[in-house]
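Numbering (the UniProt record's numbering), first residue to last: 1 to 250.
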């Protein structure tokens, strides 16, 4: 469908000005997805989703060398506070800690890399091209793995898989377009609503109820993200003519 839509515009979705980065992005997305799904075997949906929101820290770090964005002390502090929120949820060093919690953290690193690369290539390739390349890379990588793990699905599993594919594709396309028009560090905080939906769906389908540590960690993570978004809005507002900001906006 993506290829057909792009061909109608008279352009080939396979022609990329940055093919190397497209491959890197596709590989990062595959790695992120596989690690996230592996974590779901041992962790509740809401918990693994919340842990994965350590990604803004990685986005902040990667946006400096890759995108050339300037990251001041306040945004670094906000990112580290978000990490504290993740640690509250994971509770390393306690009996509540599970080694499976490492999986969504590494998944978040690959996801952050994909987001930053998305911003890097969006000035050169259309969203349809990016989506097509990601689909091809994912297809090639996963096709190489399938023979070793294949289990024949029933009709219900096929239907659920198709629904997941459609929903994921729609969400992926929206994210790609968003990163075409705004800095990576601005958009990431708005994805925190996923924690709310993950908690709700986890309760409805699996009966899992977040504990107090989960609630506190989520509040800390969301607070960090909202502050980062606030700083980005301040950075985007030009100073009045003839007035210099005290110390600059960081």
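Ideal Cβ placement from N, Cα and C applies to all residues, glycine included. None of these values were measured; they are calculated from a predicted model.
Query	Result
Ordered along the chain, which non-local residues of its own chain (more than five positions away) have a Cβ less than 6 Å from that of residue 32?	107, 110 and 111
Please list, in chain order, all residues of the same chain as residue 101 whose beta carbon is under 7 Å from its beta carbon, the five residues on each side excluded.	43, 51 and 90
Just tell me which of 35, 45, 30 and 19 has its CA closest to the CA of residue 200.	45
Please report how far the alpha carbon of residue 149 lies from the alpha carbon of residue 80, in whole angstroms.	38 Å
Tell me the rounded alpha-carbon separation between residue 26 and residue 202.	28 Å
Hey, residue 63 and residue 71: beta-carbon distance below 8 Å or not?	yes
Helix, strand or coil: which one does DSSP assign to residue 180?	helix
Report the rounded CA-to-CA distance for residue 40 versus residue 170, giving the unit in angstroms.	22 Å
Whole angstroms are fine: how far does the CA of residue 179 sit from the CA of residue 187?	7 Å
Restricting to Cα atoms, I'd like to know which of 30, 211, 67 and 191 is closest to residue 121.	67
Within 10 Å of its beta-carbon, does residue 15 have 16 or more other beta-carbons around it, so buried, or fewer, so exposed?	exposed
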